[in-house]
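Peer 1:
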Amino acid sequence: MKFSIIIPLYNKEKYIVETLNSIKMQTYDNYEVIIIDDSSTDNSLKLAQGFENDLRFHVYNIPNGGVSNARNLGMSKAKGDYICFLDADDIWKENYLEEASRLFNMYSEENVLCFGYKVFVGDKSNEIQSRNLSKFFNCSDKVVDFFYFSTLLKCSIALTSGVIIKRQFINEKKIYFNKKYSMGEDVDFWVRASAYGPIIYSNKCLMLYRSGEGENLTTKGFETINASYPYWEWYTIDANSNFKDK
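Okay, so the sequence shown: first residue is 1 according to the numbering used here, each after it adds one.
1) Under 7 Å from any heavy atom of the ligand COA, does the C-beta of Ile200 make it?
2) Rounded to whole angstroms, what is the Cα-Cα separation between Asp238 and Ala195?
3) Starting from Gln263 and walking both ways along the alpha helix (DSSP H), at which residues does that stretch end?
4) Curious, which full-length beta strand (DSSP E) runs of at least 3 residues does the region 24-63 contain?
5) Considering only the beta carbon of each residue, do Asp42 and Arg210 sit closer than 8 Å?
6) For the alpha helix (DSSP H) that contains Phe177, what are its first and last residues?
7) So, does the region 3-18 touch the region 74-92, judging by three or more C-beta pairs under 8 Å?
8) Which same chain residues, not among the five before or five after Lys220, have their C-beta less than 6 Å away from its C-beta?
9) Touch check for the region 61-78 and the region 91-105: three-plus C-beta pairs under 8 Å?
10) Looking at the C-beta of Lys93, does it have a partner C-beta in chain C at a distance below 8 Å?
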């Protein structure tokens with residue numbers, strides 16, 4: 001089982017080395033890393049290129065086109081069985097990929113995996129909050145309805161750096177990040193991917209989310225969406241869930 005890790009990079013020189021080192025420290029080593037530098041104006045590109053002495057790391061520099069364009073390009077270059085999304089300022093715990101491999105072997109029919117995560121500020125040891133579904137079920141992992149639990153929480157249960165999806169599924173269903181959206185492109189992707197069936201959810205918080213380095217619909221909540229975001233298009237999506245429209 002091979003993982004393709006997609007990292008969009010733009011002006012994250014303060015964090016990108018720590019992020020990439022968290023990949024290097026993984027206990028599971030069958031992966032490739034695809035870093036799409038979106039014309040950074042700081043030292044991000046050079047720092048990322050320093051990891052290319054490891055042949056699993058590949059860095060591409062492209063004209064500035066936004067995070068959705070960068071992720072889509074990364075997915076088009078992926079050769080792994082599963083695509084992982086990791087933002088350039090977030091961190092994985094060292095057993096993240098090992099646990100993902102275990103879960104996909106256990107739930108081999110499912111296409112999407114989401115991990116719980118911890119929120120930290122500044123240093124990764126400064127964890128201020130854990131976010132998962134442990135108050136709803138106390139087992140470590142379970143196949144769940146993305147829409148049901150996202151409705152309960154009033155925000156997406158999927159956060160970018162804690163999501164892994166089968167590459168074949170993405171290609172077959174033609175699911176991509178919509179370049180029209182400046183905010184919420186990630187939630188739109190999770191909604192469309194989860195419409196086809198349940199997802200695997202792990203209560204293990206193996207992803208560390210850096211707070212204060214950007215906002216999205218997942219972290220701010222759906223109530224912040226304004227008229228510029230065409231969330232009403234979600235009503236036209238066919239889904240195997242009674243909670244999709246809620």
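The beta carbon of each residue, even a glycine, is placed where N, CA and C say it ideally should be.
Peer 2: In this structure, then:
1) What this structure holds is no ligand at all, so the ligand COA is not there to describe.
2) Along the sequence shown, one-based indexing puts residue 238 at 238. Along the sequence shown, one-based indexing puts residue 195 at 195. One C-alpha to the other measures close to 7 Å.
3) Given a span of 1 to 246 for the chain in the structure shown, any question on residue 263 remains unanswerable.
4) Runs found: 31-37, 57-61.
5) Walking along the sequence shown from the start, residue 42 turns up at place 42. Walking along the sequence shown from the start, residue 210 turns up at place 210. The answer is no: Cβ separation not under 8 Å.
6) For the purposes of this step, residue 177 is taken as the residue at position 177 of the sequence shown. Segment: none, Phe177 is in no alpha helix (DSSP H) and carries neither H nor E.
7) yes
8) For the purposes of this step, residue 220 is taken as residue 220 along the sequence shown, with counting starting at 1. Unreliable placement is indicated for Lys220, whose pLDDT of 47 sits below 50; the coordinate value is still reported in the next sentence. Result list for Lys220: empty, nothing under 6 Å.
9) no
10) Absence of chain C from the displayed structure is noted, only one protein chain being present.
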